[in-house]
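Working notes for the structure below.
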Amino acid sequence: MSHKIAILGASGYTGAELVRIIATHPGMDIVALSGDRKAGQPMESVFPHLRHLDLPDLVRIEEIDFSGVDLAFCALPHATSQAVIKGLPGDLRVVDLSADFRLRDPAAYERWYGKPHGAPELQEEAVYGLTEFYRDDIRAARLVAGTGCNAAAGQFALRPLISAGAVDLDDIIIDLKAGVSGAGRALKENLLHAELSEGFHAYAVGSTHRHLGEFDQEFSALAGRPVQVQFTPHLIPANRGILATVWVKGDPQVIHATLAGAYAAEPFLHVLPMGQAPSTRHVRGSNFAHIGVVGDRRPGRAMVIVAIDNLTKGSSGQAVQNANLMLGLKETEGLMLAPCFP
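At position 329 of the sequence shown the residue is numbered 329 (the UniProt record's numbering), and the sequence of numbers has no breaks.
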């Protein structure tokens, strides 16, 4: 049986990545694609690399007949998704890739996003979509909120360590580098080639990055008390990829053993041998995460380094992984493609 899929916001990077993954998925069939600014155009004119696929043309969301759709991926901008999803059929399963439903507390949403939530009743229903840690909830969910790509990388490094009490909760630093596709496809002056290439800069410095809201929510819930990490993201002149270097206080061997044990049965999370560091080039275009642990020269300190592809494991691949669970499919279905190298 093939499940009928709609992708809302298919003209953006995460939408195109969803199409790329689902194109060879044995249990999903794309029946509708929306892209308001590109409505009426064939997908191949928006993304020529997909011209070999037999895809429906892009339309406006209101033109889609959802009566025959089993699940919709919502790859729309932040603050747009909540209004769109609120207007969808109440029994339609939805995986949202925006930030609109990630934070459970409406006050936290307003703090980090600057305005009240437009669909608080749906916010209560939404399940946080970090698949490896919320599987049972995701299977039963109607609405799943995909994580932030930076938030996913940091959590893969830290969740098992916080749960096991293996690190000092008051001494955690996340230093993260991200490719430019994480900023979306809309034209922005600072993302022009001449503005971005041959440079490397921190952004949202201090306490302003919105993914801090996810870290606060998830790490504090795990620890049973407030946990606030230091987090600085950097934009690098690369199209794809996230490399998070997480500095922690704890025994490096215990940290490695804790992560290796926690992820031993996980198909997409691979802990490297002690002392090895991962690279974004080794996970490019895949749903895999590579995790390394390296001891610091100071005793009792370590670095946990995580590499993921921001568009795949950090967003669209994670979304398909969640959809597989929601539709009763094998979790890895359509997602075992090897990384693209070199």
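We put the CB at the ideal spot given by N, CA and C, even for glycine.
With a beta-carbon spacing of about 7 Å, L88 and V94 fall inside the 8 Å limit used to define contacts.
The shortest C-alpha to C-alpha distance from V248 to any of I173, P26 and P160 is the one to I173. The stretch 286–301 makes contact with the stretch 269–278: 3 or more CB pairs, one atom from each, lie closer than 8 Å. Cβ-Cβ distances below 7 Å link A151 to H211, E214 and F215 in the same chain, with the five nearest sequence neighbours on each side left out; the list follows chain order. Nearest C-alpha to R281 among D309, A126, A202 and L158: D309. In its chain, beyond the 5 residues on either side, P233 have a beta carbon closer than 7 Å to the beta carbon of A204. Annotation note: the stretch 166–227 contains the following uninterrupted alpha helix (DSSP H) runs of length 4 or greater, listed N- to C-terminal: 193–196 and 211–223. Residue state for S316 is assigned as helix, using DSSP reduced to three classes.
The stretch 116–131 makes no contact with the stretch 220–232, as fewer than three CB pairs between them are under 8 Å. Contact between I61 and S34 holds, with the beta-carbon distance rounding to 5 Å and staying under 8 Å. Note that the C-beta distance between R139 and L325 is below 7 Å. Rounded to the nearest whole angstrom, the C-alpha separation of V84 and A264 is 39 Å.
As computed with DSSP, S34 is found in a beta bridge with L8 and V59. Counting other Cβ atoms within 10 Å of its Cβ, T258 reaches 16 or more and is therefore classed as buried. Taking 8 Å as the upper bound for CB-CB distance, A319 and L18 are in contact here, some 7 Å apart. The Cβ atoms of F47 and A16 lie closer than 7 Å to each other. A direct Cα-Cα distance of roughly 26 Å separates T24 from Y128.
Looking at the DSSP output, D54 shares a beta bridge with no other residue. Annotated three-state conformation of H25 is coil, per DSSP.
Cβ-Cβ distances below 6 Å link S163 to L222 in the same chain, with the five nearest sequence neighbours on each side left out; the list follows chain order.
DSSP places T258 inside the alpha helix (DSSP H), whose first and last residues are P252 to A262. The beta strand (DSSP E) runs of length 3 or more contained entirely in the stretch 68–114 are, from start to end of the chain, 71–74 and 93–96. Taking the Cα of E331 as reference, the smallest distance to any Cα among S316, I7, A72 and Q321 is reached at Q321. With a cutoff of 7 Å on beta-carbon distance, C74 and D96 are scored as near each other.
Listed in chain order, the non-local C-beta contacts of S81 below 7 Å within the same chain comprise C74, D96, S98 and D100, local neighbours out to five positions each way being set aside. Excluding the 5 residues flanking it on each side, I64 has same chain C-beta neighbours closer than 7 Å at A6, A32 and S34, in chain order. Apart from sequence neighbours up to five positions away, the residues of its chain that approach R301 with a beta-carbon distance below 6 Å are K249, ordered along the chain. Counting along the chain, G295 sits inside the beta strand (DSSP E) bounded by residues A289 to G295. Sequence-distant Cβ neighbours of E44 in its own chain, meaning closer than 7 Å and more than five residues away, are L50 and R51. Less than 7 Å divides the Cβ of L335 from the Cβ of G317. Between L76 and L8, the C-beta spacing is below 7 Å. Beyond the five residues adjoining it in sequence on each side, H201 comes within less than 8 Å, by CB distance, of H234 and L235 in the same chain, given in chain order.
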